[in-house]
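Novice: My structure is below; once you've seen it, I'll send some questions.
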Amino acid sequence: MNHRLLIMLLIFVLSVLVVAGCSTNTTSQGNEGSTSKEAFPTKEIHLVIPFSAGSGADIFARKLAKLAEAELGQKIVAENKPGGSGSIALAYVLSQPADGYTIATHSRTFSFLLGGGEAPFELKDFDAVVRINGESSALMVNTEGQFKSLEDFVNYAKENPGKLKVGGPGTGSFHHMVAMLLMEKAGIEFTWIPYDGGKEAVLDLLGKNVDAVIATASNAKAQIDSGNIAVLANSVSETVSGIPTFKEKGYDIEEILWRGVFVKAGTPDERVKALEEAFSKAIQTQEWADYQKEFEQEDAFMSSSDFNPYLVNEVEKTMQFLQNINK
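Structure below.
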């Protein structure tokens, strides 16, 4: 009898230990889950800006960061890492942990980087957090020059094929695409002069080293306000007040330079969501509305769930464009 009681007692003890072990394991797993879903952010966030200080992209990113800080409750430290059409900044983000504490702004140029097939990363390496706004690509001239309208520019280009020099950011870039479309739709030819950024192209336009520039008008805001540079046409109807669009002038060109926020792929969904919500609230403020009005930009909001599939299609479209110009 004692032997049987001993066996039963051992079985009971083992049963208790197994149950206790399962309970401990469950608690441990629960704790691990709570760690991955801990409060975010708990420290400062680093925002990488892929273009130079003072550029339209820089002004955009710093204004957005300032307003989002109030929503996140943590400081957002902005840092410029220009070069390679933004690839240096993106590569830096990929070198950091996928924890939401290193993020980057970028623009339509992002699709050109990936569509060109030469970047050391792919679309799947990133998660798009949110698309914020957009800006037009503008055809700008020196007011001391001979062109007072888009018609003047097109007529001269037709009579002097290849003679005009038009500057703008990069080769195979968004603005280069707009330039190529203008040549195609207007039946003209000019020489594209690539620059590292729009501000550099604008400086050469002021120095009369190029005949025109195709870039975002925000790169030349001070010069436009002072009357030294004029915008002849732009690619989106709502962004540059009082200026005709290419489409209104009979050329089927309607393209927008969007800007948005990205993180490294694998960043926890709840952190991506927290960032998306913070930036979404930031752009609903009066200060943001005033900024967009001052720099003549327009809303182009897309949530993360819409922006990511949108990029898949845009990168494919851009890849086809780049293949065509390289033939």
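Residues -20 to -1, 1 to 307 (mature numbering (1 follows the signal peptide of the UniProt record, and there is no 0)) make up the sequence shown, in order.
Glycine included, every Cβ here is placed at the ideal spot set by N, Cα and C.
This structure is a prediction, so every number in the text was calculated from the model and none was measured.
Taking Cβ to Cβ, would you say G114 is nearer than 8 Å to W268?
Specialist: No, the Cβ-Cβ distance between G114 and W268 is not below 8 Å.
Novice: If you draw a straight line from the alpha carbon of E250 to that of E234, how long is it in whole angstroms?
Specialist: Computed Cα separation, rounded: 35 Å.
Novice: Count the other CB atoms, across all protein chains shown, that sit within 10 Å of the CB of A50; report buried if there are 16 or more and exposed otherwise.
Specialist: Exposed is the call here.
Novice: In whole angstroms, give me the CA-to-CA distance for residue 310 and E98.
Specialist: Residue 310 lies beyond the residue range present for the chain, which begins at -20 and ends at 307; the question has no answer from this structure.
Novice: Sort out for me which residues DSSP pairs L183 with in a bridge.
Specialist: Answer is none; L183 lacks a bridge partner.
Novice: List the DSSP bridge partners of R111.
Specialist: Answer by DSSP bridge pairing, in chain order: G240, M282.
Novice: For E59, does the three-state DSSP call read helix, strand or coil?
Specialist: Strand at E59.
Novice: Under three-state DSSP, which class holds residue 312?
Specialist: There is simply no residue 312 to check, as the chain begins at -20 and stops at 307 in what is shown.
Novice: Under the rule that 16 or more other beta-carbon atoms within 10 Å means buried, what is D270, buried or exposed?
Specialist: When all chains shown are included, D270 counts as exposed.
Novice: To the nearest angstrom, how far is it from the Cα of Q9 to the Cα of S285?
Specialist: At Q9, the pLDDT of 39 sits below 50, so the modelled position is not reliable; the number obtained from the coordinates is stated separately. In a straight line, the C-alpha of Q9 is about 29 Å away from that of S285.
Novice: Along the chain, where does the beta strand (DSSP E) that runs through L212 open and close?
Specialist: Where L212 is concerned, the enclosing beta strand (DSSP E) stretches over 209 to 214.
Novice: Given a cut-off of 8 Å on the beta-carbon distance, is the pair A48 and I56 in contact?
Specialist: It is a contact, given that the beta carbons lie within the stated cut-off.
Novice: Can you tell me the Cα-Cα spacing of L162 and V121, whole angstroms?
Specialist: Answer to the nearest angstrom: the Cα atoms are 15 Å apart.
Novice: Please tell me whether A108 and F281 are closer than 8 Å, where the distance is taken between their beta carbons.
Specialist: Result no, Cβ atoms of A108 and F281 do not sit closer than 8 Å.
Novice: By the DSSP assignment, the alpha helix (DSSP H) with V158 in it spans what residues?
Specialist: Where V158 is concerned, the enclosing alpha helix (DSSP H) stretches over 154 to 166.
Novice: Suppose you measure from the CA of G148 to the CA of A262; what does that come to, to the nearest Å?
Specialist: Their backbone Cα atoms lie some 31 Å apart in a straight line.
Novice: For T85 versus A41, is the C-beta distance shorter than 8 Å?
Specialist: Yes, Cβ-Cβ distance for T85 and A41 is below 8 Å.
Novice: Does DSSP classify L144 as helix, strand or coil?
Specialist: The answer is coil: DSSP assigns L144 none of H, G, I, E or B.
Novice: Please name the residue or residues paired with N199 in a DSSP beta bridge.
Specialist: According to DSSP, N199 bridges with nothing at all.
Novice: Hey, out of G66, E18, S87, whose CA is closest to I236's CA?
Specialist: Comparing Cα positions, the closest option is S87.
Novice: For P77, which three-state DSSP category applies?
Specialist: DSSP places P77 in coil when its eight states are reduced to three.
Novice: Measure from the alpha carbon of A166 to the alpha carbon of each residue in D232, M299, A192, E180, then state which is nearest.
Specialist: Here the closest residue by C-alpha is D232.
Novice: When DSSP labels each residue in this structure, what does P100 get in the three-state scheme?
Specialist: Reduced to three states, the DSSP call for P100 is coil.
Novice: Let's test the definition: count the other Cβ atoms within 10 Å of the Cβ of D191 and tell me whether it reaches 16, buried, or not, exposed.
Specialist: When all chains shown are included, D191 counts as buried.
Novice: List the residues that DSSP assigns as beta-bridge partners of L27.
Specialist: In DSSP, L27 forms a bridge with A58, I83.
Novice: Assuming S117 contacts T196 under a Cβ cut-off of 8 Å, what Cβ separation, rounded to an integer in Å, is found between them?
Specialist: Right, the Cβ-Cβ distance comes to about 7 Å (below 8 Å), so this counts as a contact.
Novice: So S206 and G36 are supposed to be a Cβ contact under 8 Å. How far apart are they, rounded?
Specialist: Contact doesn't hold; Cβ gap of about 17 Å is too wide.
Novice: Using 10 angstroms around the beta-carbon of V193, count the other beta-carbons present and answer buried if the total reaches 16, otherwise exposed.
Specialist: With 16 or more Cβ atoms within 10 Å of its Cβ, V193 is classed as buried.
Novice: DSSP three-state call for S129: helix, strand or coil?
Specialist: Coil.
Novice: Starting from K261 and walking both ways along the alpha helix (DSSP H), at which residues does that stretch end?
Specialist: That run of the alpha helix (DSSP H) goes 249 to 262.
Novice: Could you tell me whether the Cβ atoms of D105 and A202 are closer together than 8 Å?
Specialist: Going by C-beta atoms, D105 is not nearer than 8 Å to A202.
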